[in-house]
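Visitor:
Residue numbers (my numbering), protein chains in the order written: chain S, 1 to 377; chain Y, 378 to 875; chain A, 876 to 1165.
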């Protein structure tokens, strides 16, 4: 095992590694400055377990009903050579009738390593891209790879990449409904970012065979149930904006190797389980270990990361915890106590400093608030 | 968020207690609202699972769908819900009052009010309205007669939430967060139990402590429509399976037992929220009502009266999609109404006005000099044009020629004549017009006196006429032409609800 | 006796809460252990109840049915708690039912389709979960005594790797060409199956709603087959399916024939029926080295 790999394995300890998926990559991209998350995800650590054991369980979980519905809808759309999907593509994108091929790239006739599966995916997709005619229309379960923090993360999406006029389109099947042409904005936005992750990964796979990125279209397809039924409907998404944001954020992520260099060499998040699997490590010690890696908490973490309550507790007293724009609104001041001291004229920074500007703003706000409350009485 | 609201949050975080964000209540709160707490099955578009509904805190109605995927049972749930909701709305169709204004008429003396825990509850109501309002009471896919009527009412309530001036339907979290600042982020405010922990902690505990306890889903079940995943996986799954099995094996007593067990389980997830909702209503009721709330509620009463008549006369249900004209009209109307409501809130509430004082769109100070009897003789007639000089420490953005209004004298216009700054203070010379009576001397009190604290804003609370839009029959062809008249279709009645 | 039942109910409630707490704490081992205790407690409760009911007949407790209009199922014989969904009295073993359905379709098919076809044309249905072990059992049976039975429910093989295609069942007596799957084969087989369903419907003495629903499932995904479910015409479905089949057939046959030849040359009897599970074919390995 190479240097960083060995270090990451030591950090993770004895638990089984958890792999990246488009959701975790999208979350990382939305907070690229958080070293804690980057390291934990790279090491494949079980964030839920760690956060709970350290005393801050976060209520992340998926309902069996939602899972079952999602799986059932996906199975239905992909049944019989993806017959329903094919019909959608023919109507939605004028797919010509002869293009009805379906290849399951998850089939490798035995337990193949991720590298082998990825190699096979690359080969078959490249062959399709290079050939003029029927070398494949729909490719199910491709194994893709994306560089994150200088390391490769394998992505095993449930999507189907499909080829029309020589270009690949990423397809995402989701079970939230499109009602009268409209769907939940947050869910569509999340699907768009995830699709963009797959577009990048697909371009990555083809680039190794010297196929240009334009071979993967920035137009992806979202397949959802229509209205209140089980019938699928297809919606096109233009993910150019998401691609730009993703590329920028991923490039801003420090290389994992560099982050690891900053950490003590014997640092580990291992829980030291005994023979029956009961952890022996003291929770306070684990918490201290986690704190060795710097975090960057924002309220958005509450919906995307299992460490959120742990990091929120650390961030208590910081203006960042009050809201996304709170710190900026408070003149860029980092701590709540500082804000109150400036507003209450207890601290008087020297004129001309940054803090002086913030102080003036906060004093004015405090004055106006106090006056208003007095007037109301 | 603004500096003022962020400051309030910072103060709340430091003190461990929620801080006021408003000094008065800017929404109407009914003496008898209908509390509606829906729960939906995870993963579906809008599959009702259960609901608690009622207008009496001591008498909640618990409705349950024992098999959430059974279409007939869903419509039975809708019929049960209709019984409660329609009885409630009908109770407001008795007393009438005259409407004021240019076209006097009659409207109902009060209107119903629907309270749900959070914006998800509003979305659920909208979707439930959508999935029921097109159904029919006869034909092959018949449902109870009350179901499409329920659908139209639910759609009506949900649509009204799009207007910032309406209080016909409120989400408790939105209403509470508008009036209190907690020491957490706005995203965390969307949890009603946590929000109430900050605002109204039990004795012996700080708001922050109560809020932390309320985050445990085992202690405070989610207020819906989403259920807690561990509840779904460890409890609900089993109970629904038991009901299903009992149905298939045709067992009367086993079915009753299974249904009762399911009902009990769902009650554990709903009852705590019922208590929270009535607590939220009481907290809001405890705030003094803002002056303009009454006027906005009158508009709500008009809307309710119109819709009740529309339904009584058998009018068609709201269409699936807005036609181009009505969509553009609604958008422009919403912006206009938003501006009006913002202005009214500032006029009613010094803490809201303070936001505008921060930016310079409003300023407050004292009258330093006054010419209350000044007359302008330059025109054909002599007119009363008093002048006052206001001295303030606030920022002033207004320039000479601008027209300002004072909350204390909303019908009086103040024109800026001059703005001068000296020693960090600003003096504004204003010429006043209107609101003083018809004589050439002002009525007592209609002109601010020397030393009087005053406030002037660059906006008024007055009504602005809507922009001109073509009638919907004249929708230009570029926008798809006139919308088709709604004709009840078989496919609407038959639409899948799986 | 009711005290025992009630105390069990309290224990069950407590265990459920404990499981949820363990899940929230991310402690999977503890959650799993608690779930085991929970299952046991629930079984004890069922048994205690059954005993109590047997002892005191006709004592229906007044259940506070808060709902009105609940669709009450008809009262039937005393239910065995936890019993499975009603199944047809098994006249034939499962493999026979599968053989019946596949013979109607004449193409490899997935368990869901097999079950639906059987439900539409023959009596009763079966849980598709039971089919997952069927292929495994058939392979074991074949390996222990090859060709001892007149037919086996076997796999369909992927054309490129000759590995068992995921989720498909076939009949061993079919020629190899029919049991290999190229990239167009799933579509070709779907269209072929549609035609067979139409033919089976035409053989029926009268209309059967379940068959029309099945036909619509096919028609909805074949261009030109039917405008709407209400206007379903078997003849039109067959025409449309045949028309599209015409487009793909030659290419698909070509691939299948080549694959069948390779299978006969490279695989032994068992592998020809159930596929090969060995590592990837050499051609891929070579490419990886480059």
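Yeah, the Cβ is synthetic: ideal placement off N, Cα and C, and Gly gets one too.
1) Quick check on residue 663 of chain Y: buried or exposed, where buried means 16 or more other Cβ atoms within 10 Å of its Cβ?
2) With respect to the beta strand (DSSP E) encompassing residue 311 of chain S, which residues constitute its N-terminal and C-terminal limits?
3) So the candidates are S/229, S/171, S/182; which of them puts its Cα closest to the Cα of residue 216 of chain S?
4) Starting from residue 1017 of chain A, find everything on chain S with Cβ-Cβ shorter than 8 Å and list it in chain order.
5) So does the segment 1071 to 1085 of chain A actually touch the segment 993 to 1005 of chain A, counting three or more Cβ pairs closer than 8 Å?
6) Taking only runs that begin and end inside the segment 175 to 233 of chain S, name each unbroken alpha helix (DSSP H) of 4 or more residues, in chain order.
7) Strictly under 8 Å for the Cβ-Cβ distance: is residue 22 of chain S near chain A by that measure?
8) Quick one: which chain A residues come within Cβ less than 7 Å of residue 101 of chain S?
9) Do you know offhand how far residue 432 of chain Y's Cα is from residue 920 of chain A's?
10) Go ahead and pull the three-state DSSP assignment for residue 21 of chain S.
11) Please list the partners that residue 1065 of chain A has in chain S, where partner means a Cβ-to-Cβ separation under 8 Å.
12) Does the CB of residue 1088 of chain A have a neighbour CB from chain S at under 8 Å?
13) Figure out for me which residue from A/1068, A/877, A/1037, A/1048 has the closest Cα to the Cα of residue 1057 of chain A.
14) With DSSP run on the structure shown, which of helix, strand or coil describes residue 548 of chain Y?
15) Relative to the alpha-carbon of residue 1135 of chain A, which residue among A/1065, A/1022, A/1082, A/1051 has its alpha-carbon at the smallest distance?
16) Checking the sheet assignment: what are the DSSP bridge partners for residue 335 of chain S?
17) Would you give the residue range spanned by the alpha helix (DSSP H) that residue 883 of chain A belongs to?
18) In the DSSP assignment, find the alpha helix (DSSP H) that holds residue 138 of chain S and state where it starts and stops.
19) Please report the straight-line C-alpha distance between residue 288 of chain S and residue 281 of chain S, rounded to a whole angstrom.
20) DSSP beta-bridge partners for residue 678 of chain Y?
21) Are residue 256 of chain S and residue 39 of chain S close, meaning C-beta to C-beta below 8 Å?
22) Does DSSP put residue 752 of chain Y in a helix, a strand or coil?
23) Leaving out five residues before and five after residue 616 of chain Y in sequence, what residues of the same chain have Cβ atoms less than 8 Å from its Cβ?
24) Quick one: residues in its chain with C-beta nearer than 6 Å to the C-beta of residue 58 of chain S, no 5 flanking neighbours on either side, listed in chain order?
25) Could you work out which residues of chain Y lie near residue 898 of chain A, taking near to mean beta carbons separated by less than 9 Å?
26) So who's on the other strand from residue 422 of chain Y, going by DSSP bridges?
27) In chain A, what lies closer than 9 Å to residue 52 of chain S by C-beta?
28) Tell me, please, which residues DSSP counts as bridged to residue 831 of chain Y.
29) Residue 745 of chain Y and residue 768 of chain Y: beta carbons closer than 8 Å?
30) State the beta-bridge partners of residue 279 of chain S as determined by DSSP.
31) Given that a residue counts as buried once 16 or more other Cβ atoms are within 10 Å of its Cβ, and exposed if not, what is residue 284 of chain S?
32) What ranges does the beta strand (DSSP E) occupy inside the segment 610 to 657 of chain Y, keeping only unbroken runs of at least 3 residues that lie completely in it?
33) Name, please, each residue of chain Y whose Cβ falls closer than 9 Å to the Cβ of residue 895 of chain A.
34) So is residue 754 of chain Y buried or exposed if we call it buried at 16+ other beta carbons inside 10 Å?
35) Pull out every residue of the segment 770 to 785 of chain Y whose Cβ sits closer than 7 Å to any Cβ of chain S, in chain order.
36) Since residue 243 of chain S and residue 198 of chain S are thought to touch, with beta carbons under 8 Å apart, how far apart are those beta carbons, to the nearest angstrom?
Guide: Walking through what the data contain:
1) By the neighbour-count criterion, in which a residue is buried when 16 or more other Cβ atoms sit within 10 angstroms of its Cβ, residue 663 of chain Y is exposed.
2) It is not in any beta strand (DSSP E) - residue 311 of chain S instead sits in the alpha helix (DSSP H) that spans 308 to 314.
3) For the options S/229, S/171, S/182, the alpha carbon positioned closest to that of residue 216 of chain S is the one of S/171.
4) Within 8 Å Cβ-Cβ: nothing; residue 1017 of chain A doesn't reach chain S, min ~19 Å.
5) Two segments are said to touch when three or more pairs of C-beta atoms, one from each, lie closer than 8 Å; by this definition the segment 1071 to 1085 of chain A touches the segment 993 to 1005 of chain A.
6) Runs found: 185 to 207.
7) Chain A has no Cβ within less than 8 Å of the Cβ of residue 22 of chain S.
8) 1058, 1059, listed in chain order.
9) Straight-line spacing of the CA atoms in residue 432 of chain Y and residue 920 of chain A works out to 39 Å.
10) Three-state DSSP puts residue 21 of chain S in coil, outside helix and strand.
11) Neighbours of residue 1065 of chain A on chain S, chain order: 80, 81, 83.
12) Answer no: the Cβ-Cβ gap between residue 1088 of chain A and chain S never drops below 8 Å.
13) It is A/1037 whose Cα lies nearest to the Cα of residue 1057 of chain A.
14) Strand.
15) The shortest Cα separation from residue 1135 of chain A among A/1065, A/1022, A/1082, A/1051 belongs to A/1051.
16) In the DSSP output, where bridge partners are listed per residue, residue 335 of chain S has S/318.
17) Per DSSP, the continuous alpha helix (DSSP H) segment holding residue 883 of chain A begins and ends at 877 to 899.
18) Premise fails: residue 138 of chain S lies in the beta strand (DSSP E), 138 to 140, not in any alpha helix (DSSP H).
19) Going from the Cα of residue 288 of chain S to the Cα of residue 281 of chain S covers about 12 Å.
20) Partner(s): none; residue 678 of chain Y has no beta bridge.
21) A contact, by the Cβ cut-off of 8 Å.
22) It is a strand residue.
23) Once the five neighbours on either side are set aside, the close Cβ partners of residue 616 of chain Y are 635, 638, 639, 642.
24) Cβ-Cβ distances below 6 Å link residue 58 of chain S to 51, 306, 308, 309 in the same chain, with the five nearest sequence neighbours on each side left out; the list follows chain order.
25) Residues of chain Y whose Cβ lies closer than 9 Å to the Cβ of residue 898 of chain A are, in chain order, 606, 607, 610, 611.
26) Looking at the DSSP output, residue 422 of chain Y bridges to nothing.
27) In chain order: 899, 900, 901, 902.
28) DSSP lists Y/742 as partners of residue 831 of chain Y.
29) Cβ atoms of residue 745 of chain Y and residue 768 of chain Y: closer than 8 Å.
30) Bridge partners of residue 279 of chain S: S/273.
31) That one is exposed.
32) Qualifying beta strand (DSSP E) stretches: none in this window.
33) Simply 594, 595, 605, 607, 608, 610, 611, 612.
34) Within 10 angstroms of the beta-carbon of residue 754 of chain Y lie fewer than 16 other beta-carbons, which makes it exposed.
35) If the cut-off is 7 Å between Cβ atoms, the segment 770 to 785 of chain Y has nothing near chain S.
36) Taking the Cβ atoms as the reference, residue 243 of chain S lies roughly 11 Å from residue 198 of chain S, outside the contact range of under 8 Å.
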